[in-house]
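Structure first, then comments.
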Amino acid sequence: MLQIIRIRTNRGSRAIEEGNYQEGLAELDLAVDLAERSGYQSFAALALSNRGEAHLKLGRVDEAARDLESAVARYVVLGSRLRAYPLVHLGDLHRIRGERAQARAAYDEALRLADEADDLDTADRLLARAVDAARRAGRHDLESRCLSFRGIIAG
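Residue numbers (our numbering): 815 to 969.
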């Protein structure tokens, strides 16, 4: 069962990365259902995080919020720093809603977790968002600094 859940989660994630959100959602719906019925909470959290990302990209903000908050809560129970991933998307969701304080809090927690885990992928995702925010605000000095940090991470 675990192998099937892992495969469905990976296929859903790949479909989302390729922009095939409906296909990704179908795979992730199955992965979430199987993981929950089998008690594999870490895979349920991962599939919920990915499904929340797909909902967010489709503009389904309420569905995205439910999935992302559930993923974060499960990762908290598991004591996993992997909650940084759904926190980044939750930050995006709050930003889209205009909830700046909540977005900042989600991004800050994700960055703290990424720092603790030496997770350069999450740090890079957060810096990409900082570059976009600085650009939109006309803060070219801050944009340049964030781009420099991204260059350091890329090595």
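The beta-carbon is built from N, C-alpha and C at its ideal position, and this holds for glycine as well.
Separation of the CB atoms of Y899 and S863 is rounded to 5 Å, and the pair is thereby assigned contact status at 8 Å. The alpha carbon of A849 has as its nearest neighbour, out of G826, I818, G866, the alpha carbon of I818. Straight through space, the alpha carbons of V890 and E930 are spaced by roughly 15 Å. The alpha carbon of A868 has as its nearest neighbour, out of S958, D847, D922, N834, the alpha carbon of N834.
Assigned with DSSP and collapsed to three states, L872 falls in coil, not helix or strand. Contact between L870 and A878 holds, with the beta-carbon distance rounding to 4 Å and staying under 8 Å. Here G838 really is in contact with A829; their C-beta atoms are around 4 Å apart, less than 8 Å. With a 10 Å radius around the Cβ and a threshold of 16 neighbouring Cβ atoms, G826 comes out buried. The continuous stretches of alpha helix (DSSP H) do not include S894, and DSSP gives it neither H nor E. When DSSP states are grouped into helix, strand and coil, D935 belongs to the helix group. As the crow flies, the alpha-carbon of A942 is around 11 Å from that of V902. DSSP, read as helix, strand or coil, puts R911 in coil.
In this structure, the CA atom of R895 is about 15 Å from the CA atom of L904. Of the candidates A917, R939, R820, L907, the residue whose Cα lies closest to the Cα of Y854 is R820.
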